[in-house]
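A.B. asks: Following the working numbering, the numbering of the sequence shown begins with 54 at its first residue and continues without gaps. Backbone N, C-alpha and C define an ideal beta-carbon position, used for all residues, glycine too. Since we're looking at a predicted model, the values are computed, not measured. One structure follows; several queries about it will come next.
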Amino acid sequence: MKITLLTVGKTDVKWVKEGLDTYASRLVHYAPFKVQEIPELKNVSALDRAQIKAREGELIMKCLRPSDELVLLDEGGREFRSLDFAAWLEERMSRGSRDLVFVIGGAYGFSEEVYARADSKLSLSKMTFSHQMVRTIFAEQLYRAFTILRGEPYHHE
């Protein structure tokens, strides 16, 4: 099983990029992991939110294979404690055949097409984080989940 973190827009905040790179380099010891960035849309000032979401949605859909399990990082998604997220991840890994694609959408969320394609939605918090910060926060939580599954001394509970 491969894991991809698909993001709308590039990371331009140095400390976010450094944090993401740190956890991405750690994650490859547990599973094939990559970050894939979709470039931000250009010349969007004449577009409304629905049009922006639709265009971003088209770009997201082009990155997916029919066999991928699509997980949206979405404020309306299911919240987990770290131990529960680890168990959720382990259950997907035991199935084995589908690659996991976690998606961080643009500022306005996802298009209806992307929501319809999604297999599940996860929320990292009831609080709102910048789309930049979510990358590092999610990568750390994914790393934490793997260390929990391996019984490594990273997570303390």
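Per DSSP, which residues does Ile91 bridge with? Please list them.
C.D. replies: Ile91 pairs with Val61.
A.B. asks: Within this structure, are the beta carbons of Leu175 and Gly130 separated by less than 9 angstroms?
C.D. replies: Result yes, Cβ atoms of Leu175 and Gly130 sit closer than 9 angstroms.
A.B. asks: Residues in the same chain with beta-carbon distance under 6 angstroms from Glu128, minus the five sequence neighbours each way, listed in chain order, please.
C.D. replies: Cβ neighbours of Glu128 beyond the five flanking positions: Ser176.
A.B. asks: Answer yes if the stretch 72-81 comes into contact with the stretch 133-140, meaning at least three C-beta pairs across the two stretches below 8 angstroms, and no otherwise.
C.D. replies: Segments in contact, no.
A.B. asks: Mind checking which residues open and close the beta strand (DSSP E) that includes Lys174?
C.D. replies: Run containing Lys174: 173-176, per the beta strand (DSSP E) assignment.
A.B. asks: Just to confirm the assignment, what range does the alpha helix (DSSP H) spanning Arg145 have?
C.D. replies: Per DSSP, Arg145 belongs to the alpha helix (DSSP H) from 135-148.
A.B. asks: My guess is that His208 and Thr200 are in contact by the Cβ rule of under 8 angstroms, so how many angstroms apart are they, rounded?
C.D. replies: Going by Cβ atoms, the distance from His208 to Thr200 rounds to 6 angstroms, so yes, they are a contact pair.
A.B. asks: Which partner residues of Arg131 appear in the DSSP bridge assignment?
C.D. replies: BP columns for Arg131 point to Leu175.
A.B. asks: So if DSSP puts Leu153 in a beta bridge, which residue, or which two residues, is it bridged to?
C.D. replies: According to DSSP, Leu153 bridges with Ile56, Glu122.
A.B. asks: With DSSP collapsed to three states, give me the class of Phe191.
C.D. replies: If DSSP states are grouped into helix, strand and coil, Phe191 belongs with the helices.
A.B. asks: Give every residue of the same chain whose Cβ lies closer than 6 angstroms to the Cβ of Val66, excluding the five residues on either side of it in the sequence, and list them in chain order.
C.D. replies: Correct list, in chain order: Gln185.
A.B. asks: By DSSP, does Phe86 sit in helix, in strand, or in coil?
C.D. replies: Strand, per DSSP.
A.B. asks: Is Ile105 near Tyr161, with beta carbons less than 9 angstroms apart?
C.D. replies: Contact flag set, yes.
A.B. asks: Tell me whether Gly72 sits in a helix, a strand or coil according to DSSP, three-state version.
C.D. replies: Looking at Gly72 - three-state DSSP - the assignment turns out to be helix.
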